[in-house]
Each structure stands twice: as structure tokens, then as C-alpha cells.
Amino acid sequence: MDEYSTLVVVPGGMFVQSEKFVEGHQGRVNDISIYGQESNQTTWRLCKMNLAIRGIDSSQVKWNNEVSFLNDAHRDLKADYIIANPPFNVSDWSGDLLRNDGRWKYGVPPAGNANFAWLQHFIYHLSPSGQAGVVLAKGALTSKTSGEGEIRKALIEAGLIDCIVNLPAKLFLNTQIPAALWFLSRNRTNGKFRNRSKHILFIDARNLGHLINRRTRELSNGLVGPSDNDIAKIAGTYHNWRNPDGTYEDVPGFCASVPSERVKELDYMLTPGRYVGLPNDEDDFNFNERFAALKAELEEQLKEEVRLSKVIAENLLKIKNDERMEGI
-16 MDEYSTLVVV PGGMFVQSEK FVEGHQGRVN DISIYGQESN QTTWRLCKMN
34 LAIRGIDSSQ VKWNNEVSFL NDAHRDLKAD YIIANPPFNV SDWSGDLLRN
84 DGRWKYGVPP AGNANFAWLQ HFIYHLSPSG QAGVVLAKGA LTSKTSGEGE
134 IRKALIEAGL IDCIVNLPAK LFLNTQIPAA LWFLSRNRTN GKFRNRSKHI
184 LFIDARNLGH LINRRTRELS NGLVGPSDND IAKIAGTYHN WRNPDGTYED
234 VPGFCASVPS ERVKELDYML TPGRYVGLPN DEDDFNFNER FAALKAELEE
284 QLKEEVRLSK VIAENLLKIK NDERMEGI
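Shown next as C-alpha cells:
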């Protein structure tokens, strides 16, 4: 493989996973140069240590306590791949100081929310054929607050959005805010992949994963068996859609390849559920049968309520009589 650069704006875990990915695809780790910046010094030190014990060069992973919006440690970098999970809905990102910043090509982000500032920051740092994968709060898919809808419209019309994945709830330990994946590409007409410039892939993965405790959901990774691999299902769907020799097909309730014109008709909203429809089994939903079943169930529950109320009343009367007898 050719030499690539990757910008990551998170601690070292994604760097390590990137190395494993390259090795798993018979690539050469030494062909990759990694760049990153972290505002928390403790996290930065842990990241450097994490990379050092794995022999990964971390010389371009910078501690930047001014945050990348105000003082970008890699101002001139154009990366081939960017992966990031920036903090959701940040309100104190110094937006008022950056109204005329050159990164806001697709619209000035609102001072009260950094979601679209992050997206444009990453796009600014992409090489001409660069690709990015970003985790953002789900609200960014539909928000129109303070011009966010106009920025999203501009990104869509510029053909930068490749794929949107709606994630299940409870995936993250540090937030309960619903999230989605944005896959962006500077050049969706290049020869490496097929031309997707007039379509966006939507994947609704809300029903994937399994609860490992009351508050945390996890996507399976195939360790139980090849059929039990939520991550491969999502990634395989995207790759089959993107690759020239892929075998992609729309799956009702899960994925749909949607023309940009259709997205325009729905006011540039990017919620996958609007486009993927219902699963086939839900398309066969019979209202009359379902209503009759629910009615019968309710009637049985009402009968049970009457019976339990009678039992409770009898027991209370018995307790009262027993107390009276003890008083005599």
C-alpha cells in the first residue's frame, strides 16, 4: 500500500486499532504517519505511553491545551484518513472568536454548538481524496438551529457525505446522548471506488447490539461466530455499496442507497429511519389482528386486576379481624 497520513483527535486507542487494521489487511505499519492533538495532558501522556509500548511513532501526537479550534497543532496537514469522536454539542468552543475562520467554507457554525465546527475542521484537513469517519450527536442529522441546517445542506450539495449510520443507544459509557456515524469523502468519483457522488448510503443500526448490563450496549464482533458480528454487518454493507465489485442491495428497515434529490425533497434531513423504511416483517403488519390480540390481553389483565383487588381486600379484612380478636 502507499504511504498514508491519518489525523486522529482522540487518545491512542484509535491509533492502535488503525495499526491492527493495517496489519489485518496485509499492509505495512511503517507506511503510516499518525497525527493528533489532545487538550488533556493526562490523557495525552497515557496516549503516548500506549503508543510507545506498541512501537508506534507518536512524535506528531501533540498536547494542545488551547484546543484545536484556537491553536491547530497541525495547521497545514492534509490527511488521507481522519477518524475522530469529538465531544458532543460543545457550547464553549470559542466560536465567537472564530467567526471569520477560513475553515468555515460551508457556513459559520453556531457559537453555542461545535458539531458542525468539528465536521468542517476535519474536512479542511482532508487531502484531495481524503476520507473521514466521525462520531457525532444524532441531533446534527436534523438540527436547523442557528444555521446548522444550511451547513448540512451545503455539505450534501457539495457531495461530501458518503454514508450515515444511526447507532444504537447506550453504546458509550460517558454519555447517553444518541449518536451517529458520518462518513465523509473529498472525492467520491475517483477510480479506487465506484462513483457515489449522486447518492448517500443510510444504515439504521439502532436494533443491532446486545445489552451487557442495564446501562451499556455492545456491538458484537464475531467472537461468538461469523453470523454474530454487528460490526462486520455495518462495515460490509458500506464496503459492498462503495466498491465497484460489491454486491450491495437495499434491505428494508436496515439500509438504503438514496439519491441526493430524495434527500433534498426531505429538506436535507439525514436521519436513516426516514429512508430505510420498515423491515419486511413489519410491512406485513395486520392492524385488526394486532388490535384484537391487544384487546384480549387487556381484558385478561383487567380480570386479573379485579381478582387481585378482591384478594387484597379479603386479606386486609382478615388482618383487621385478627387485630380485633387480639384486643379482646
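Be aware that the sequence shown starts at -16, since it is given in the numbering used here, and climbs by one per residue. Glycine is no exception: its CB is placed at the ideal position from the N, C-alpha and C atoms. Note that the structure is a prediction, hence the values are computed from the model and not measured.
7 Å CB neighbourhood of residue i in its chain, flanking five on each side removed
i, result
"Ser394", "For residue 394 there is no data in the structure shown, the boundaries of the chain being -16 and 311."
"Trp87", "Gln103"
"Thr172", "Asn178, Ser180"
"His222", "Gly229"
"Asn33", "Gly(-5), Val(-1)"
"Glu297", "none"
Same chain, Cβ closer than 8 Å to residue i, five either side skipped, listed in chain order
i, result
"Pro70", "Ala97"
"Arg169", "Ile106, Leu109, Ser110, Pro111, Ser112, Gly113, Gln114, Leu143"
"Pro313", "Because the chain is modelled from -16 through 311, residue 313 falls outside the range shown and cannot be assessed."
"Gln24", "Trp46, Asn48"
"Asn226", "Phe176, Arg177"
"Lys31", "Gly(-5), Ser41, Val44"
Cutoff 6 Å; reference residue i; Cβ partners in own chain excluding five residues on either side
i, result
"Gly256", "Asp187"
"Tyr258", "Phe185, Ala239, Val241"
"Pro262", "Pro235, Gly236"
"Gln43", "Tyr18"
Contact check, residue i vs residue j, beta carbons under 8 Å
i, j, result
"Thr220", "Leu156", "no"
"Ala215", "Gly205", "yes"
"Ile17", "Tyr89", "no"
"Phe52", "Ala100", "yes"
"Phe185", "Ala141", "no"
"Val(-1)", "Glu6", "no"
"Ser243", "Ile139", "yes"
"Asp79", "Ala94", "yes"
"Asn149", "Thr26", "no"
Opposing strand residues paired with residue i [DSSP bridges]
i, result
"Trp165", "Val117, Ile147"
"Lys45", "Gln20"
"Asn196", "Thr199"
"His182", "Pro242"
"Val234", "Cys238"
"Leu109", "Ala62"
"Asp187", "Asn149"
Euclidean distance between Cα positions of residue i and residue j
i, j, result
"Arg179", "Val73", "32 Å"
"Gly10", "Arg273", "54 Å"
"Glu2", "Leu281", "56 Å"
"Leu285", "Val294", "14 Å"
"Ile183", "Ser203", "25 Å"
"Met252", "Ala162", "15 Å"
"Thr92", "Ser77", "As written in the sequence, residue 92 is Pro, which differs from the Thr given in the question. When rounded, the distance between both Cα atoms is 11 Å."
"Lys303", "Lys278", "37 Å"
"Arg307", "Glu287", "30 Å"
"Ala275", "Glu283", "12 Å"
"Pro235", "Ile147", "16 Å"
"Gly130", "Gly174", "35 Å"
"Asp14", "Tyr231", "31 Å"
"Asn212", "Phe237", "15 Å"
"Leu291", "Lys301", "15 Å"
"Val241", "Lys153", "28 Å"
"Leu29", "Asp59", "26 Å"
"Trp224", "Leu164", "16 Å"
"Asp305", "Leu299", "10 Å"
"Leu249", "Lys136", "11 Å"
- Pair every Cβ in the stretch 56 to 75 with every Cβ in the stretch 110 to 118, then say whether three or more of these pairs are closer than 8 Å. Three or more Cβ pairs closer than 8 Å define a contact, and the stretch 56 to 75 meets that threshold against the stretch 110 to 118.
- Query: For the 8 Å Cβ check, are there 3 or more pairs between the stretch 34 to 47 and the stretch 80 to 87?
  - Reply: No, the stretch 34 to 47 does not touch the stretch 80 to 87.
- Please determine if the stretch 119 to 129 and the stretch 171 to 178 are in contact, where contact requires at least 3 C-beta pairs separated by less than 8 Å. no
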